[in-house]
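*Asks:*
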Amino acid sequence: MAIITLTTDFGQKDHSTGAIKGAIYSELDQVNIVDISHSISPFNTCEAAYIIQNAYSSFPKGTIHLIGIDSDLSPENKHIAVKLDDHYFICANNGIMSMICSDITADKIVEINIHNKVETSFPVLDIFVKVACHIARGGTLEVIGKVINTIKPIKNLNPFVNDEQNQIIGNIIYIDNYGNVVTNIKRKFFENIQKGRAYEVSARNHKFKTILNKYSDILSYDSEDSIRNAEGKAMAVFNSSKYLEIAVYKSNNSTVGSATTLMGLKTQDTVTVNFLKP
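Taking the numbering used here, the leading residue of the sequence shown gets 158, the next gets one more, and so forth.
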């Protein structure tokens, strides 16, 4: 049975998500539809890319991922279907796929060209659903589009490294449900530049000399539980997706605060890593 995932910025109030599911069920008798997220910040392609990159590989091979972010068709915002890592992705060519394609080369990319056959003012419902159902029936990408070789990149996808190789300048690309901020600095990239050197991570006026491997590493288990008082402490950590994250332990915006509220960090802000001389 085919699996089709949905990732959009439609939210939960409007009819859009329900209409998309209804259209899929109208075309396919047997299909599983899975919501990844409908709470992407409006038109935030970088946020969508981060979520898709870290969610898609948990699904079985052959899964079809429908991504409805900034999908209005225009000469500068065409629609694409991508086969990558034995998964299929349907979205606008607005940079969303560039984060995944930076790690894994796409097997095939087509620019969707069935628009003259389908009247639409809601392309995710009318075009993306048609393409997803075509793939679910075993159809090939060439039938619904022309093969292309490149896709648009996302601005600030990759961190900057200076010529002396002693500084990384990254950007915040995602803020999670807890207010923790995720940078575009991956652990492998960090370690390739670090080469064992000591370092200092700077985010606004906060500095960290250690990057933790998990949130609970901030606790001192040598101390009694009643006097640890780690809640609300800031940290740098490599998160479960192996990205450098600035976080607050057990953050809660209504009580102890978060990296966004306590440090004033927001998307596109810079986070700098300075490597120290041996």
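Glycine included, each C-beta is placed from N, C-alpha and C at the ideal position.
1. Measuring alpha carbon to alpha carbon, tell me which residue in K343, K352, Y245 is nearest L433.
2. Looking at the structure shown, is V275 part of a helix, part of a strand, or coil, going by DSSP?
3. For the structure I just gave you, are there three or more beta carbon pairs, one from the region 247-265 and one from the region 224-231, closer than 8 Å?
4. What are the boundary residues of the alpha helix (DSSP H) that includes V339?
5. For E321, is the classification buried or exposed, using 16 other Cβ atoms within 10 angstroms of its Cβ as the cut-off for buried?
6. Which residues share a DSSP beta bridge with C248?
7. From P217 to N315, what distance separates their C-alpha atoms?
8. Could you compute how far the alpha carbon of N234 sits from the alpha carbon of I308?
9. Starting from the Cα of K399, find the closest Cα among K274, N370, M420, A416 and give me that residue.
10. With three or more C-beta pairs closer than 8 Å as the rule, is the region 341-352 touching the region 420-432?
11. Nearest-angstrom Cα distance between T297 and H291?
12. Which class does Q169 belong to by DSSP, given the choice of helix, strand or coil?
13. For I190 versus I209, is the C-beta spacing smaller than 8 Å?
14. Among the residues of its own chain, which have a CB less than 8 Å from the CB of F200, if the five just before and after it don't count?
15. Going by C-alpha distance, which of T417, A416, I325 is nearest G357?
16. With C-beta atoms as the reference, is L230 less than 8 Å away from H272?
17. Can you give the Cα-Cα distance for T277 and E268, rounded to whole angstroms?
18. From I329, F395, I342, H363, pick the residue whose C-alpha is nearest to that of D374; which is it?
19. Tell me whether P435 is buried or exposed, calling it buried when 16 or more other Cβ atoms sit within 10 Å of its Cβ.
20. Using only the alpha-carbon positions, how far apart do K274 and I193 sit?
*Replies:* Looking at the atomic coordinates:
1. K352
2. coil
3. yes
4. Counting along the chain, V339 falls outside any alpha helix (DSSP H), though it belongs to the beta strand (DSSP E) covering 338-343.
5. exposed
6. I237
7. 28 Å
8. 11 Å
9. N370
10. yes
11. 8 Å
12. coil
13. no
14. D166, I226, D227
15. In the sequence under discussion, the amino acid at residue 357 is Glu, which differs from the Gly named in the question. If we check each option's Cα against that of E357, I325 comes out closest.
16. yes
17. 17 Å
18. F395
19. exposed
20. 29 Å
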